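Reading the sequence shown from the start, the letters are residues 13 to 412 in our numbering.
Cβ coordinates follow ideal geometry from the N, Cα and C atoms, glycine included.
Just so we're clear, the structure is a prediction, and the values are computed from it rather than from any experiment.
Notes to accompany the following structure.
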Amino acid sequence: MNVLVINAGSSSLKYQLINVETQRVLAKGVCECVGSPDSFLKHGLDDNEVKIMTQLEDHNAAMALVLENLTSGPNKAIDSLDEIGAVGHRIVQGGKYFDRSVLVDDDVIQKIDELAELAPLHNKPSLMGIYACRELMPDVPQVVVFDTSFFQSLQPYVYTYPIPLELSQKYSIRKYGAHGTSHRYIAERAAVVLDEPLDDLKLITCHLGNGCSVSAIDHGIAIDTSMGLTPLDGLMMGTRCGSIDPSIVTFLMEHEGLSPEEMNTLLNKKSGLLGISGISNDLRSVRDASEAGDERAMLAYEMYSYSVKKYIGQYMAVMGGVDAIVLTAGVGENCAKMRRMIFSGLQPLGIVLDEERNREVGFEREISTDDSDVCIIIIPTNEEYMIARDTYEIIQEGIY
Ligand code: ADP
Numbered sequence: 013m014n015v016l017v018i019n020a021g022s023s024s025l026k027y028q029l030i031n032v033e034t035q036r037v038l039a040k041g042v043c044e045c046v047g048s049p050d051s052f053l054k055h056g057l058d059d060n061e062v063k064i065m066t067q068l069e070d071h072n073a074a075m076a077l078v079l080e081n082l083t084s085g086p087n088k089a090i091d092s093l094d095e096i097g098a099v100g101h102r103i104v105q106g107g108k109y110f111d112r113s114v115l116v117d118d119d120v121i122q123k124i125d126e127l128a129e130l131a132p133l134h135n136k137p138s139l140m141g142i143y144a145c146r147e148l149m150p151d152v153p154q155v156v157v158f159d160t161s162f163f164q165s166l167q168p169y170v171y172t173y174p175i176p177l178e179l180s181q182k183y184s185i186r187k188y189g190a191h192g193t194s195h196r197y198i199a200e201r202a203a204v205v206l207d208e209p210l211d212d213l214k215l216i217t218c219h220l221g222n223g224c225s226v227s228a229i230d231h232g233i234a235i236d237t238s239m240g241l242t243p244l245d246g247l248m249m250g251t252r253c254g255s256i257d258p259s260i261v262t263f264l265m266e267h268e269g270l271s272p273e274e275m276n277t278l279l280n281k282k283s284g285l286l287g288i289s290g291i292s293n294d295l296r297s298v299r300d301a302s303e304a305g306d307e308r309a310m311l312a313y314e315m316y317s318y319s320v321k322k323y324i325g326q327y328m329a330v331m332g333g334v335d336a337i338v339l340t341a342g343v344g345e346n347c348a349k350m351r352r353m354i355f356s357g358l359q360p361l362g363i364v365l366d367e368e369r370n371r372e373v374g375f376e377r378e379i380s381t382d383d384s385d386v387c388i389i390i391i392p393t394n395e396e397y398m399i400a401r402d403t404y405e406i407i408q409e410g411i412y
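Okay, structure coming up:
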């Protein structure tokens with residue numbers, strides 16, 4: 013079955029057409045600047061990518077252009093829309109309602125809409141993607157896959173914040189986590205690489221990209237994760253601050269005269285690697301500058317690795333040990349220097365990085381020494397495949 017995977021943002025629409033049985037990506041692309049005069053579509057695989065400049069008024073127009081390019085033109089992947097068995101949508105916030113992926117119906121749509129208050133930049137655009145598919149492919153079933161559902165297994169003492177409980181209940185404030193599809197995927201793949209059942213393993217999974225998160229997965233169940241009510245919490249990231257003393261927020265608002273929106277922008281877009289280095293949110297640029305002696309870049313680099321190291325310690329404590337630490341995303345997969353800094357000094361905890369393996373480039377691989385008690389594994393993430401697989405399974409179960 014071919015599944016069309018959609019990831020709709022406020023002004024973008026990313027997609028992949030995946031054959032689930034062969035795991036092959038048949039086509040992929042992205043519409044950018046949707047709703048502005050500069051909008052365009054990039055469509056095609058690797059070297060064959062084409063860029064089509066065209067005005068896309070809204071997500072409906074973007075979706076129509078995507079479907080047109082999937083079925084016609086030089087980079088067409090299928091002959092007709094009949095070859096799309098289902099659509100799988102990535103949804104950022106599933107709140108307390110969704111602990112798994114589900115088939116889209118009116119009730120699901122209403123709940124995603126209701127949850128938009130918790131993820132205003134994400135859930136509304138996702139709905140636009142769902143509406144567009146409903147209109148253009150009314151007979152094709154749609155499934156939604158939530159970034160948060162993997163973390164619905166967290167216990168109340170883990171997900172509750174120590175603020176007045178009435179307020180948490182009134183506003184549904186709690187830890188929801190994010191990146192769940194990625195953590196779920198790399199945990200499953202790590203079990204395959206280790207050749208052990210996921211149910212027998214204690215794993216710490218680290219998604220280190222522009223957004224960064226760490227999870228503790230105990231015998232296949234997520235028991236803690238670093239992101240919180242929103243993806244701002246936890247690790248220091250490209251532009252997000254991660255965990256900071258909450259009184260900094262009120263202090264800066266008062267002293268800098270910032271509105272809630274301005275404060276939100278500062279914490280989400282101007283902090284992290286960018287805010288500390290003053291150079292970039294891109295770790296490569298920060299690394300280059302730190303190697304050239306830039307002190308702020310050096311500080312940013314050290315803070316980033318320290319923040320990951322601290323979470324590894326925390327999650328070893330909460331699980332009473334760990335069998336494997338799994339790394340993924342741009343930094344986790346590619347940056348040997350950052351990995352070296354994260355794992356330096358952890359030998360007394362039984363975590364020993366193999367310097368040579370760490371420098372090698374490759375697909376899924378172990379980079380710890382043979383005698384390290386804890387395996388360190390790199391798994392390139394594949395959230396799109398996971399969304400396609402969930403979609404396929406729900407359709408196969410014939411739940412709809
Ligand atoms: P996103 O969260 O946006 O999907 P990615 O997973 O693509 O992000 O990760 C982006 C981050 O990965 C950037 O900070 C980038 O600098 C970093 N990165 C990508 N390739 C490398 C590399 N070869 N060495 C160091 N960092 C890298």
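Examine ligand 1 and report whether any of its heavy atoms sits within less than 7 angstroms of the Cβ of Ala-341.
Residue numbering aside, residue 341 sits at position 329 when the sequence shown is read from its first letter. Yes - ligand 1 has a heavy atom lying nearer than 7 angstroms to the Cβ of Ala-341.
If you measure from the CB of Arg-296, is any heavy atom of ligand 1 nearer than 7 angstroms?
Within the sequence shown, residue 296 is the residue found at index 284, counting from 1. True, at least one ligand heavy atom lies under 7 angstroms from that Cβ.
Using a threshold of 8 angstroms, state whether the C-beta atoms of Ile-399 and Gly-100 are closer than that.
Along the sequence shown, read from residue 1 onward, the residue named residue 399 stands at position 387. Along the sequence shown, read from residue 1 onward, the residue named residue 100 stands at position 88. Cβ distance < 8 angstroms, so Ile-399 and Gly-100 count as in contact.
Going by the beta-carbon positions, is the gap between Val-459 and Ser-22 smaller than 8 angstroms?
Nothing can be reported for residue 459: it is not among the residues displayed for the chain, which extend from 13 to 412.
Apart from the five residues just before and just after Met-239, which ones in its own chain have a Cβ nearer than 6 angstroms to its Cβ?
Walking along the sequence shown from the start, residue 239 turns up at place 227. Correct list, in chain order: Gly-189, Ala-190, Ser-225, Asp-245, Gly-246.
State the DSSP-derived secondary structure class of Gln-67, mapped to helix, strand or coil.
As a working note, residue 67 is residue 55 in the sequence shown. Of the three classes helix, strand and coil, the one that applies to Gln-67 here is coil, per DSSP.
At 3 residues or longer, and completely inside the region 81 to 105: list those beta strand (DSSP E) runs for me, N to C.
For the beta strand (DSSP E) assignment, the uninterrupted runs of no fewer than 3 residues enclosed by the region 81 to 105 are, from N- to C-terminal side, 98 to 103.
Could you check what DSSP says for Ser-152 in three-state terms: helix, strand or coil?
Locating residue 152 in the sequence shown gives position 140, counting from the first residue. The question names Ser, but residue 152 is Val in the sequence shown. Secondary structure at Val-152: coil, using DSSP grouped into helix, strand and coil.
Is the CB-CB distance between Ser-184 and Gly-107 below 8 angstroms?
Here residue 184 refers to the residue found at position 172 of the sequence shown. Here residue 107 refers to the residue found at position 95 of the sequence shown. Taking 8 angstroms as the Cβ cut-off, Ser-184 and Gly-107 qualify as a contacting pair.
Taking Leu-358 as the reference, give the member of Ala-199, Gly-333, Val-373, Asp-119 with the closest Cα.
Within the sequence shown, residue 358 is the residue found at index 346, counting from 1. For the residues Ala-199, Gly-333, Val-373, Asp-119, the minimum Cα distance to Leu-358 belongs to Gly-333.
Backbone CA spacing between Asp-94 and Ile-379 [nearest angstrom]:
The residue given as residue 94 occupies position 82 in the sequence shown. The residue given as residue 379 occupies position 367 in the sequence shown. The straight-line gap separating the alpha-carbon atoms of Asp-94 and Ile-379 is approximately 44 angstroms.
Which of helix, strand or coil DSSP assigns to Lys-282
Counting from 1 along the sequence shown, the entry for residue 282 is found at position 270. Coil, per DSSP.
Buried/exposed call for Gly-254, threshold 16 Cβ in 10 Å:
Against the sequence shown, residue 254 aligns to sequence position 242. Within 10 angstroms of the beta-carbon of Gly-254 lie 16 or more other beta-carbons, which makes it buried.
DSSP three-state call for Cys-145: helix, strand or coil?
The sequence position of residue 145 within the sequence shown is 133, counting from 1. Shown here, Cys-145 sits in a helix according to DSSP, grouped into three states.
Give me the Cα-Cα distance between Asn-222 and Met-350, rounded to the nearest whole angstrom.
For the purposes of this step, residue 222 is taken as the residue at position 210 of the sequence shown. For the purposes of this step, residue 350 is taken as the residue at position 338 of the sequence shown. Computed Cα separation, rounded: 14 angstroms.
What residue ranges within the region 185 to 213 form continuous beta strand (DSSP E) runs of no fewer than 3 residues, ordered along the chain?
The region 185 to 213 contains no whole beta strand (DSSP E) run of 3 or more residues.
Flag Gly-107 as yes when its Cβ comes closer than 7 angstroms to any non-hydrogen atom of ligand 1, and as no otherwise.
Locating residue 107 in the sequence shown gives position 95, where the first residue counts as 1. No; taking the cut-off as 7 angstroms, the Cβ of Gly-107 has no heavy atom of ligand 1 nearer than that.
Note down, one range per segment and in chain order, each alpha helix (DSSP H) of at least 4 residues found wholly within the region 305 to 383.
You should have 307 to 331, 341 to 346, 348 to 355, 367 to 371.
Pull up the distance between the alpha-carbon of Pro-272 and that of Ile-121, whole angstroms please.
Walking along the sequence shown from the start, residue 272 turns up at place 260. Walking along the sequence shown from the start, residue 121 turns up at place 109. Rounded to the nearest angstrom, the two C-alpha atoms are 29 angstroms apart.
Please classify Tyr-412: does DSSP put it in a helix, a strand, or coil?
The residue given as residue 412 occupies position 400 in the sequence shown. For Tyr-412, the predicted structure reports a pLDDT of 49, less than 50, and the residue's modelled location is therefore unreliable. A value from the coordinates is still provided. Tyr-412 carries a coil assignment under DSSP once its states are collapsed to helix, strand and coil.
Going by DSSP, which residues form a beta bridge with Gln-28?
The residue you call residue 28 lines up with position 16 of the sequence shown. Gln-28 is bridged to Val-17, Lys-40.
Straight-line gap, Phe-52 to Asn-81 (C-alpha atoms, nearest Å):
Here residue 52 is taken as the residue at index 40 of the sequence shown, counted from 1. Here residue 81 is taken as the residue at index 69 of the sequence shown, counted from 1. Spanning the alpha carbons of Phe-52 and Asn-81 requires a straight line of approximately 13 angstroms.
Hey, is Glu-345's beta-carbon within less than 8 angstroms of any beta-carbon in chain D?
Absent here is chain D; the protein component of the structure consists of one chain.
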